[in-house]
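**Student:** Taking UniProt numbering, the leading residue of the sequence shown gets 1, the next gets one more, and so forth.
Each residue gets a CB set at the ideal place from its N, CA and C atoms; glycine is no exception.
The model shown is predicted, which means the values in this text are computed figures rather than measured ones.
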Amino acid sequence: MLKCRTVWKKLAPLARASSTVCRQNVRRTGLNNSRIPACVPVAHMSTGPAGGGRENQLYVLLVGAACVGGAIYTYRTVKGDNQRYQDRIDEISSRPYKRATEEPATPIQSEPPAVDATETEVIPEPEPEAAPSPEPQAAPSPEEPSPLAPDAAVAAPIETTEPPPGGPAPASLKVPSHTPYLLIGGGTASFAAARSIRARDPGAKVLIVTDEPDPPYMRPPLSKELWFSNDPSVTETLRFKQWNGKERSIYFQPPSFYINAEELDGAENGGVAVLTGKKVVHMDVRGNKIKLDDDTEISYDKCLIATGGVPRNLQVIERAGEEVMKKTTLFRKIEDFKSLDKVSRNIKSITIIGGGFLGSELACALGRRSTEYDLEVVQMFPEKGNMGKVLPEYLSNWTTEKVKSEGVKVISEALVKSVVCKDDKLEIKLKDGRLVKTDHIVAAVGLEPNVDLAKSAGLEVDSDFGGFRVNAELQARSNIWVAGDAACFYDIRLGRRRVEHHDHAVVSGRLAGENMTGANKPYWHQSMFWSDLGPDVGYEAIGIVDSSLPTVGVFAKATAKDTPKAATEKSGTGIRSESETEDTAISPVASLTPAPNVGQHKDEYGKGVIFYLRDKVVVGIILWNVFNRMPIARKIIKDGEEHADLNEVAKLFNIHDD
Ligand SMILES: Cc1cc2nc3c(=O)[nH]c(=O)nc-3n(C[C@H](O)[C@H](O)[C@H](O)COP(=O)(O)OP(=O)(O)OC[C@H]3O[C@@H](n4cnc5c(N)ncnc54)[C@H](O)[C@@H]3O)c2cc1C
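1. Going by C-alpha distance, which of L330, N515, T307, L222 is nearest E318?
2. If the criterion is Cβ atoms closer than 8 Å, does the pair S396 and G385 meet it?
3. Let me know if V649 comes out buried or exposed under the rule of 16 or more other beta-carbons within 10 Å of its beta-carbon.
4. Cutting at 7 Å between CB atoms, please list the residues of its own chain near L314, excluding the five before and the five after it.
5. Alpha carbon to alpha carbon, what distance is there between H501 and Q475?
6. Quick check on DSSP: helix, strand or coil for S223?
7. Out of V324, T328, R248, D214, which has the shortest C-alpha to C-alpha gap to V274?
8. Quick check: is any heavy atom of ligand 1 less than 7 Å from the C-beta of V209?
9. Report the residue from V545, P221, P255 whose alpha carbon sits nearest the alpha carbon of L358.
10. For I350, verify whether its CB is less than 7 Å away from any heavy atom of ligand 1.
11. Helix, strand or coil: which one does DSSP assign to D503?
12. With distance defined between alpha-carbon atoms, name the residue in C421, G553, V310 nearest to G467.
13. CA-CA distance, D583 and M325?
14. Please go through the stretch 278 to 350 and give each complete beta strand (DSSP E) segment of 3 or more residues, from N-terminal end onward.
15. What is the DSSP secondary structure of M528, reduced to helix, strand or coil?
16. Assign T551 to one of three DSSP states: helix, strand, or coil.
17. Is the Cβ-Cβ distance between G187 and G513 less than 8 Å?
18. When you compare the stretch 240 to 248 with the stretch 376 to 383, are there three or more beta-carbon pairs, one atom per stretch, that lie closer than 8 Å?
19. Have a look at the DSSP bridge pairing and note the partners of V470.
20. Who are the near neighbours of T235 in its chain, counting only those whose CB is closer than 6 Å to its CB and skipping five residues on each side?
21. Is DSSP giving I632 helix, strand or coil here?
22. Report the three-state DSSP secondary structure of D485 (helix, strand or coil).
23. Which partner residues does L613 have in the DSSP bridge list?
24. Report all residues from its chain with a CB closer than 6 Å to the CB of I480; omit the five preceding and five following residues, and keep chain order.
25. Which residues in the same chain have their Cβ closer than 8 Å to the Cβ of S547, if we skip the five residues on either side of it in sequence?
26. From T438, G433, D432, pick the residue whose C-alpha is nearest to that of V343; which is it?
27. Following the continuous alpha helix (DSSP H) through S456, name the residue where it begins and the one where it ends.
28. Nearest to V285 by alpha carbon, out of W524, V626, V436, I298?
29. Can you name the residues that DSSP bridges to D491?
30. With A476 as the anchor, note down where its beta strand (DSSP E) starts and where it stops.
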């Protein structure tokens, strides 16, 4: 296009001259013959009416000379432009090579200097379709954006017999000085983004930078299935049996899925490389570059921030000194699982502070060990019952009884006043005077979104929810996106939110990846989350589930089929977000069995549906021991209608039929 315009500019005077000739000549012809002028070729004009004689011959000569001159000029111009065009293309195509050779990136200190880049074998990326897709994706309707169903590739890793990754990957020998797609953080959101970038732009070069020693892995099994494994080497293999008995790894992909970071630049078909054990410490948003903790700089075209969060601690513990801190675990990563597993085998008493998902799951997991290892397991929290911030009070109390039955001593309405270390024991003093002596503390008191980079990047942090403030397209600046736990995003259905869940990391990571490749889609697909208190009790939730909102619950008696274990056995899936199917969403079948009134079965919360209301509209739903019906719940939230009788709505979930 540029080339055409340049040529046209040069030819324009010539074109104007000849058209002037044409118009003048036509005018003369018209005047002479009193005929309606027509733009006819010059050659035809020469056959005009008699009387033009010599003048016409002279004119033909002049025009002929002009044409020959024009042709020569055009030929030389086009030839010259072709040459310049070729030179420019050559220059552009040699750029990455120049950058790699002229501006070598600062090597990582651990790099063995003798290793030559060309000696390292490029490991081909397995075809994406190799990952089984448990969820068929329905074709998007024309009026709606395509549903962002949970990413099968993320949720269902390719199974591998390769040894588990760990320790600084040998892949990170040399850091590329430039990458088209840079993903900061190596968690679920980044991995989902990498997959969607590659799906939309198959030759894309994607670099993931993570400060963890491992390539991307899923966190949910760290507080669930891994604790129930019979394999004594589970902390090494990090393979676990899902509730349905199938074995899998916590890593999304085996090491061979990734290409070497140093080879990313020259990889013909692109690929995904992971730089492990490297922290991004500075972002220069205007200069499109970041700095690592070893001062290496990497420039990018598009960047995703998916830095997740860091576990909060209690101030009283932080202030209590080193001895107390040494005996405290903040649980988030593989290394935390490994160290807590070890600690719990060698002590007599452990106390979990926190009554949310993580605290309750870990309490149940450790509770099961209590008899085997003669371990006292205590769980304490300020609320009245377990998961009290999410579940309505009656259900929260019911859950507490369930946790107790798993061998856990639950201390509710407990506010920690101080912690001291005395005679190698920790003494936890509560505000009401109660005292708990224990050997180790697990503080599961929430997450602080990791926004360390906000300052250098000049990005806005949300004052209410925390996290980087992004728009509905998950964009913070023109070429910067944020996904996962660290994103405070605008949900076009439910307003501004920040969500700390696996499926949201998948959904938002994938959306960010799509938008980084130009999709411009808003956050539309509601993510879900789940929590299991061991293999027997579990729930799935969607939307805003906050126990301070009015709720309506409809329950039925549970059968042996209504457990997370039975549900995963039936569906053949493991990670819960895989089990959603579009069919259920599209054709819900109303139950003929009348649902009981709200408040019935007070003592029996075997299974049920809990609706959370804001201004009479359902904004959140919990499916309590009800599985594989999430698409129905999603549709109810999406419709955003007022419902006069929620018993009728509950029938859609068929809780009385099974
Ligand atoms: C034990 C546990 C159990 C869970 N169970 C469930 C569950 O049952 N259901 C559910 O829905 N959700 C669950 N979650 C929550 C879910 O795992 C998270 O919401 C999800 O992992 C968020 O993904 P993310 O990619 O945003 O962040 P993360 O997974 O936290 O990944 C962020 C990564 O970025 C790295 N990073 C941060 N800053 C930098 C930097 N400056 N440079 C380089 N790297 C950096 C971090 O080290 C980390 O590796 C659980 C979480 C935990 C910890």
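**Tutor:** Result, derived from the coordinates:
1. Taking the first residue of the sequence shown as position 1, residue 318 is located at position 318. That would be L330, whose Cα lies nearest to the Cα of E318.
2. Along the sequence shown, one-based indexing puts residue 396 at 396. Along the sequence shown, one-based indexing puts residue 385 at 385. Yes, Cβ-Cβ distance for S396 and G385 is below 8 Å.
3. Working through the sequence shown from its first residue, we reach residue 649 at position 649. The residue in question, V649, is buried, as its Cβ has 16 or more Cβ neighbours within 10 Å.
4. As a position in the sequence shown, residue 314 is number 314, starting the count at 1. Around L314: I353, V416, A443, V445.
5. Taking the first residue of the sequence shown as position 1, residue 475 is located at position 475. Taking the first residue of the sequence shown as position 1, residue 501 is located at position 501. Spanning the two alpha carbons is a distance of roughly 20 Å.
6. As a working note, residue 223 is residue 223 in the sequence shown. Helix.
7. Along the sequence shown, read from residue 1 onward, the residue named residue 274 stands at position 274. Of the listed residues, the one whose Cα sits closest to V274 is D214.
8. Residue mapping note: residue 209 aligns to position 209 of the sequence shown, counting from 1. Because some heavy atom of ligand 1 lies under 7 Å away, the Cβ of V209 counts as near it: yes.
9. As a first step, residue 358 must be located in the sequence shown, where it is residue number 358. For the residues V545, P221, P255, the minimum Cα distance to L358 belongs to P221.
10. In the sequence shown, residue 350 corresponds to position 350, counting from 1. No.
11. The sequence position of residue 503 within the sequence shown is 503, counting from 1. DSSP places D503 in helix when its eight states are reduced to three.
12. By 1-based counting over the sequence shown, the position of residue 467 is 467. The shortest Cα separation from G467 among C421, G553, V310 belongs to V310.
13. To locate residue 583, count along the sequence shown from 1; it is residue 583. To locate residue 325, count along the sequence shown from 1; it is residue 325. Residue placement at D583 cannot be trusted, given a pLDDT of 33 that sits under 50; the coordinates are not used to answer.
14. 280 to 284, 289 to 292, 297 to 305, 309 to 311, 328 to 330
15. As a working note, residue 528 is residue 528 in the sequence shown. M528 carries a strand assignment under DSSP once its states are collapsed to helix, strand and coil.
16. Locating residue 551 in the sequence shown gives position 551, where the first residue counts as 1. It is a strand residue.
17. Here residue 187 is taken as the residue at index 187 of the sequence shown, counted from 1. Here residue 513 is taken as the residue at index 513 of the sequence shown, counted from 1. No. Outside cutoff.
18. No: the two stretches stay apart, fewer than three of their Cβ pairs being nearer than 8 Å.
19. Within the sequence shown, numbered from 1, the residue matching residue 470 stands at position 470. According to DSSP, which records beta bridges pairwise, V470 is partnered with nothing at all.
20. The residue you call residue 235 lines up with position 235 of the sequence shown. Once the five neighbours on either side are set aside, the close Cβ partners of T235 are K338, D341.
21. Residue mapping note: residue 632 aligns to position 632 of the sequence shown, counting from 1. Helix, per DSSP.
22. Taking the first residue of the sequence shown as 1, we reach residue 485 at position 485. Correct three-state label for D485: helix.
23. Against the sequence shown, residue 613 aligns to sequence position 613. In DSSP, L613 forms a bridge with V618.
24. Residue mapping note: residue 480 aligns to position 480 of the sequence shown, counting from 1. So the qualifying residues of the chain are C303.
25. Residue mapping note: residue 547 aligns to position 547 of the sequence shown, counting from 1. These residues qualify, in order along the chain: G388, K389, V390, L391, P392, E393, S396.
26. As a first step, residue 343 must be located in the sequence shown, where it is residue number 343. The residue with the shortest Cα to Cα distance from V343 is T438.
27. Translated into positions along the sequence shown, residue 456 becomes position 456. Segment 454 to 457, the alpha helix (DSSP H) holding S456.
28. One-based indexing of the sequence shown puts residue 285 at position 285. Checked all of W524, V626, V436, I298; the closest Cα to V285 is I298.
29. Here residue 491 is taken as the residue at index 491 of the sequence shown, counted from 1. The partner list for D491 (beta bridge, DSSP) reads G495.
30. Here the question's residue 476 lines up with position 476 in the sequence shown. 475 to 477 is the extent of the beta strand (DSSP E) around A476.
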